[in-house]
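Only one structure is covered here, and it is reproduced in the block below.
Chains as they are written, first to last, in our numbering: chain F, 1 to 112; chain U, 113 to 224.
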């Protein structure tokens, strides 16, 4: 049973437009959510996170939205840049659990 | 400063052979995590250490797998009698900030 799901394996957007990546989770014990970015031949790199006590967290061009009732979060990238092209993983954890549960990723391609 | 090195970066072995991977955080971290990532999937938790103690092991970690962290600094992951299904990227991570993790570059294992 996959507890974190990213239903879109890939997404293609034009440079300068908005990229929206979605993630759903099933475990109600999750209270902290993260997005990681991964380039080929590298480990995942932390991008942005959000606690369950918030519904929005913003960091520059990146904003994460959390809808607890729907068990859904999304990552918005505005404006998208070609350097944003990578695989994006959604992850979830419970406070003090340490380990994270990851989705299968969405490959974002930003076209110049 | 946070950083994690992993050695080797690539390993090709024949089925039935034993392999050992090493993870070296550049600074002290109480916790250290191992994940495995197969093609098209997100990282899956294998095990984690609190100092020298191995506190949790995933069901994915069969009895052919063993991990150690003898001095609470570097860690090793050994796979005995490798199988083709063990082919994957093995990632090591340390905690930063709250629940975020800093990942090493990974060891890619190919079992022929």
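Backbone N, C-alpha and C define an ideal beta-carbon position, used for all residues, glycine too.
Quiz item: Can a CB atom of chain F be found closer than 8 Å to the CB of residue 181/U?
Solution: Residue-level contact by beta carbon fails for residue 181/U and chain F, as no gap is shorter than 8 Å.
Quiz item: For residue 171/U, which option in 165/U, 160/U and 180/U has the closest C-alpha, if you only look at C-alpha atoms?
Solution: Ranked by how close their Cα comes to the Cα of residue 171/U, the residues 165/U, 160/U and 180/U have 160/U in first place.
Practice problem: On a CA-only basis, which of 17/F, 23/F and 107/F is nearest residue 7/F? Give me that one, please. | Solution: Considering only alpha carbons, the answer is 23/F.
Practice problem: Identify whether residue 84/U lies in helix, strand or coil by the three-state DSSP scheme. | Solution: With chain U covering 113 to 224 only, the question about residue 84/U has no answer from this structure.
Quiz item: When you compare only the Cα positions, how much space is there between residue 190/U and residue 74/F?
Solution: A straight line joining the alpha-carbon of residue 190/U with that of residue 74/F spans about 37 Å.
Quiz prompt | Entirely enclosed beta strand (DSSP E) segments - the stretch 15-92 of chain F, minimum 3 residues | solution = If we require 3 residues or more, the beta strand (DSSP E) runs fully inside the stretch 15-92 of chain F come out as 19-25, 32-38, 45-51, 56-59, 62-67 and 72-77.
Quiz item: Under a Cβ-count criterion, where at least 16 other Cβ atoms within 10 Å of its own Cβ denotes burial, should residue 175/U be classed as buried or exposed?
Solution: Taking all protein chains shown into account, residue 175/U has fewer than 16 neighbouring C-beta atoms within 10 Å of its C-beta and is therefore exposed.
Quiz item: Anyone know if the C-beta pair for residue 156/U and residue 149/U falls short of 8 Å?
Solution: The answer is yes: Cβ separation under 8 Å.
Practice problem: Find the residues of chain U that neighbour residue 82/F, judging by a C-beta separation of less than 9 Å, and give them in chain order. | Solution: The premise fails here: residue 82/F is roughly 23 Å from chain U at the closest Cβ pair, so nothing lies under 9 Å.
Quiz prompt | Of the listed residues 116/U, 221/U, 215/U and 224/U, nearest to residue 38/F (C-alpha basis) | solution = Out of 116/U, 221/U, 215/U and 224/U, 215/U has the C-alpha closest to the C-alpha of residue 38/F.
Exercise. Round the Cβ separation of residue 187/U and residue 200/U to the nearest angstrom and send it over; I've been treating them as touching at under 8 Å.
Key: The beta-carbon separation of residue 187/U and residue 200/U, rounded to 17 Å, does not stay under the 8 Å limit for a contact.
Exercise. Rounded to whole angstroms, what's the CA-CA distance from residue 224/U to residue 192/U? Just pull it up for me.
Key: Between residue 224/U and residue 192/U, the C-alpha separation is close to 14 Å.
Quiz item: Listing by chain order, which chain U residues have their CB less than 8 Å from the CB of residue 32/F?
Solution: Those within 8 Å of residue 32/F in chain U are 210 and 211.
Quiz item: Going by alpha carbons, who is nearest to residue 184/U out of 163/U, 120/U and 139/U?
Solution: Comparing alpha-carbon positions, the option among 163/U, 120/U and 139/U lying closest to residue 184/U turns out to be 163/U.
Quiz prompt | C-alpha gap between residue 198/U and residue 222/U, whole angstroms | solution = Spanning the two alpha carbons is a distance of roughly 8 Å.
Quiz item: If you draw a straight line from the alpha carbon of residue 142/U to that of residue 25/F, how long is it in whole angstroms?
Solution: Answer to the nearest angstrom: the Cα atoms are 29 Å apart.
Self-check item: Which of helix, strand or coil DSSP assigns to residue 162/U
Solution: Secondary structure of residue 162/U (DSSP, three-state): strand.
Practice problem: Would you kindly report the start and end of the unbroken beta strand (DSSP E) that includes residue 111/F? | Solution: It spans 106-111 - the beta strand (DSSP E) in which residue 111/F sits, taken as one unbroken run.
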